[in-house]
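The block underneath contains the structure these notes are about, expressed in structure tokens.
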Amino acid sequence: MNKISIIARREFLSRVQKKTFLLTTIGLPILIFGIYALIIYFAVRTSDNFTIAVADKANIFEGKLAEKSDSEIKFISVNNETPETLKQQIDTKKIDAFVFIPEHFNIMENKDSVQVISGKSVGIITREKIVGKLNNIIEEKKMLGSLNLTKKQLDSLQQTNKIIFTSTTGVEDSNKKAGLSYGVGFASGFLIYFILFIYGTMVMRGVMEEKTNRIAEVIVSSVKPFQLMLGKIIGIGSVGLVQFLIWIILIISLQFLLPLIFPDLLTQMQSAPMQPAIAGGATQESAAIAGIMNGLGQINWVLIIGCFVFYFLGGYFLYASLFAAVGSTVNEDPQDAQSLMLPITMPIIFAMVIMMNAVNNPNSSLAIFGSIFPLTSPIVMMARVAHGVPEGVTVLELIASMVCLIVGFLGTTWLAGKIYRTGILMYGKKVTWKTIGTWVFRKY
Amino acid sequence: MNNILELNNLQKHFGTHKAVDDISFNIEQGNIFGLLGPNGAGKTTLIRMITGIFYPDNGSIIFDGKKFDPINDVVKIGYMPEERGLYKKMKIGEHALYLAQLKGLSKADAMSKIVYWFKKLEMESWWNKKVEDLSKGMSQKLQFVTTVLHEPKLIILDEPFSGLDPVNANLIKDEIYGLAQRGSTIIFSTHRMEQVEEICDHIILVNLGKKILDGTVHDVKQQFKENKFSVKLHELPTEINTTAFTVNEQQENKLIVTINEGYTSNDVLQYFINKHNTIDSFSEILPGLNEIFIALVEDTKAKTRAFESVA
């Protein structure tokens with residue numbers, strides 16, 4: 177036991193102390209986050225004051241546009257100007273853009289379009305705001321004009337009745353929650369998929385390095401090969417856990433830091449997608465946010481995080497030992513690893529496919545099979561657990577899956593240990609699946 | 017003298033291939049023991065069974081008076097395999113510390129022993145260098161240190177001098193003698209027979225998984241001597257005519273003679289004395305281990321191994 181911890185410590189420290197570890201763990205997320213932040217920042221950034229002159233010869237807006245002005249977009253009524261004089265005003269930077277509605281413009285004929293002419297290209301958020309404000313008036317005018325409704329009737333028409341999904345257990349199964357469950361299930365399944373691949377191949381490369389370096393025989397004269405394999409798997413697994421811990425801390429702290437760096441960014445981001453629905457006003461916007469919050473509250477985070485850690489560790493241990501076994505059979509040529517890896521990567525990819533299905537339909541028979549079969553369960557079960565217990569997965573199924581995973585992990589580790597102890601000391605011979613089979617049943 | 021190691025009828029099969037086929041021998045404590053054999057003879061498999069990497073199919077290993085316990089006894093064994101390497105990215109001091117801790121030494125204990133050995137072999141300045149910066153000879157020295165650091169009762173060295181310059185080879189050789197004097201037993205595996213003659217007390221020769229020779233270097237040479245003598249004369253006689261010996265070779269005024277059956281070396285001397293030839297020197301020619309090795313191995317029709325013998 178003590179020797180396993182010495183080996184695990186070396187594996188852990190030799191990776192964590194590398195400069196590339198710091199670079200990938202801290203630098204990469206910051207870089208990705210920073211790039212996204214910049215992209216979003218520039219996309220939503222608007223000039224402080226965007227002035228649009230409106231020459232409304234057909235009197236469509238009835239002068240109501242000026243009321244729609246806000247801190248960013250200012251409409252001014254200039255009914256006496258011609259397009260030529262307005263263009264000059266753009267050149268002299270008096271205005272940023274203008275709308276010219278000719279006298280024969282017919283609001284009921286949809287082929288007539290409103291043209292916004294600007295000096296330079298308009299940012300996407302500003303564009304949406306202008307469209308929203310213009311459409312708002314045009315739509316209202318169209319409905320009031322053609323249907324003879326009062327303003328009050330129109331407002332009540334625009335409100336939709338709520339449609340609520342409720343499960344037999346009485347828990348409200350809101351759309352928001354279903355969407356969030358989908359997102360959470362997909363994200364955590366995908367994350368485990370990545371973990372299996374990234375850390376699995378890290379274990380494999382570590383074993384190959386030990387073998388090609390010819391240090392394996394030196395080490396196994398002090399410790400049992402199984403201890404060496406387990407130490408390596410535990411050491412690299414802890415690297416993974418630490419890396420995730422750092423990422424989680426980074427994400428949380430960046431969320432707090434970002435509003436400090438870009439004070440108005442988040443308010444813009446929150447309000448931006450809501451613009452088309454501006455008719456409903458702030459009430460709808462806050463209702464949407466409240467819905468998301470409500471959905472987040474309904475997801476059982478303790479269950480999800482608990483399951484994530486369990487399936488992360490279970491899946492990692494199950495596959496890492498198999499990756500170690502493959503690494504031990506490879507000689508000098510890393511290309512050999514490719515073909516030997518295939519039987520291991522197939523179930524992972526297969527699990528990914530089942531997960532895509534399960535996240536939509538957590539109770540299909542394929543999803544149930546995939547979430548209990550130990551080679552696919554770490555990925556598939558996350559998709560089902562996100563839908564909650566017992567809506568997505570029954571307690572019995574969850575327990576069966578966990579037991580199967582533990583049994584599967586013990587099985588693959590035993591199998592891998594057999595292959596590993598022969599493979600690690602074997603040089604010069606190209607290994608086939610048949611020879612690996614004989615190693616498994618060989619007595620030492 | 018008690019035996020540190022007793023192997024009794026050791027067998028190890030890989031499929032149908034008999035890597036080690038019924039080998040028995042004993043090693044006395046404090047001996048420098050030569051384990052010889054051509055490539056693929058089963059030496060590595062034999063060593064791996066002694067170091068606990070493989071379990072024998074049949075037979076028993078008695079280590080230090082008790083049945084060999086692969087888990088606890090490996091601490092008392094230091095093994096420097098022929099195929100040896102180090103973690104390239106590690107610092108030398110840390111690497112030595114790591115291997116010592118795997119042998120069960122505490123950190124403080126390991127540290128003081130590393131300092132002692134590094135000082136002894138003039139390696140102190142290496143501590144913070146990376147293994148990848150070492151030359152082959154330097155990493156060889158480091159490997160030797162990590163093999164003997166934990167003061168094992170049994171040290172197994174497989175080709176310890178390959179890649180070492182004569183100065184460093186002598187340095188290591190002196191350390192091997194020193195370790196043997198302090199009570200460690202050394203199993204020394206090599207193909208370099210002149211080193212075996214120089215260093216080893218006792219040798220065994222294995223081929224095709226079987227032991228074909230066992231004895232002290234002196235006994236083996238006696239066993240394989242061909243009654244050859246070298247006679248240096250002041251003046252060569254023009255004609256030699258005797259039934260006591262036959263002349264094999266003649267170099268200036270030196271003769272290589274083989275004594276015939278029923279005669280002794282005294283008969284040779286008597287012959288020249290009677291002929292009034294002055295004898296400058298007279299000595300027995302013992303066969304080199306190299307010749308014995310080649311003769312025995314060719315006799316048993318050695319196969320050169322195409323690949324590693326464990327398969």
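As given, the protein sequences belong to chains A and B, one line each in that order. Start counting at 1 in the first sequence, then tack on 176, and there's your number in my numbering. Start counting at 1 in the second sequence, then tack on 16, and there's your number in my numbering. Ideal placement from N, C-alpha and C gives every residue a C-beta, glycine not left out. As the structure is a computational prediction, the values presented were derived from the model and not from experiment.
Rounded separation between residue i and residue j - CA only
i	j	result
B:A185	B:P176	9 Å
B:H95	B:I272	What sits at residue 95 of chain B in the sequence shown is Tyr, not His. Straight-line Cα distance between these residues: approximately 44 Å.
A:N312	A:S289	15 Å
B:A327	A:I612	At B:A327 the pLDDT is 38, less than 50, meaning the model places this residue with poor confidence and gives no usable figure here.
A:I236	A:V298	24 Å
A:P554	A:G411	20 Å
A:M319	A:Q329	11 Å
A:S540	A:F488	23 Å
A:F402	B:F70	13 Å
B:I108	B:K145	6 Å
B:T330	B:E242	This structure gives no information on residue 330 of chain B, because the portion of chain B shown stretches from 17 to 327.
A:L325	A:Q335	15 Å
B:N269	B:K227	42 Å
B:Q238	B:L302	7 Å
A:E573	A:I544	8 Å
B:P314	A:I371	It is worth fixing the name first, because residue 314 of chain B is Glu in this sequence and not Pro. Cα to Cα, B:E314 sits roughly 57 Å from A:I371.
A:F276	A:I368	56 Å
For residue i, the residue or residues it bridges with in DSSP
i	result
A:F274	A:A229, A:I293
B:S246	B:I272, B:S299
B:I39	B:L26
A:S253	A:V230
B:M154	Answer is none; B:M154 lacks a bridge partner.
B:T232	B:H218
B:Q266	B:L271
B:H33	B:F30
B:I78	B:E22, B:K83
B:T201	B:L170
B:M96	B:L173
Pair within 8 Å by beta-carbon distance, residue i and residue j
i	j	result
B:G75	B:V90	no
B:L221	B:N293	no
B:L180	B:Q156	yes
A:M558	A:G361	yes
B:L137	B:M127	no
A:G587	A:L551	no
B:L165	B:K129	yes
B:S200	B:P168	yes
A:G491	A:R381	no
A:S190	B:K105	yes
A:M405	A:G593	yes
A:V230	A:I249	no
B:I87	B:I172	no
A:M384	A:V506	yes
A:I475	A:S577	no
A:K233	A:P278	yes
Residues near residue i in its chain [Cβ-Cβ closer than 7 Å; skip 5 each side]
i	result
B:Q27	V36, D37, D38, P72, D73, N74, G75
B:Y287	T258, A260
B:D296	K248, L249, H250
B:M209	G304, L305, N306, F309
6 Å CB neighbourhood of residue i in its chain, flanking five on each side removed
i	result
A:I266	G295
A:L581	G490, P550, S553
A:S364	F484, M558
B:D283	A260
B:T262	T274
A:R597	P401
B:G120	V91
Cβ distance (whole Å) where residue i is taken to contact residue j below 8 Å
i	j	result
B:I308	B:I203	About 20 Å; that fails the 8 Å criterion.
A:I183	A:K408	7 Å
B:L2	B:V212	The question about residue 2 of chain B has no answer here: the residues shown for chain B are numbered 17 through 327.
B:F245	B:F298	7 Å
A:K338	A:I283	No, A:K338 and A:I283 are not in contact; Cβ-Cβ is about 33 Å, not under 8 Å.
B:N55	B:S40	Between B:S40 and B:N55 the Cβ distance is about 23 Å, and since that is not below 8 Å, they are no contact.
A:I524	A:F373	7 Å
A:I480	A:A562	6 Å
A:R560	A:A534	6 Å
Beta-carbon proximity list for residue i, same chain, < 8 Å, skipping 5 on both sides
i	result
B:Q341	Not covered by the structure: residue 341 of chain B. The range shown for chain B is 17 to 327.
B:L312	L221, N223, I228, L229
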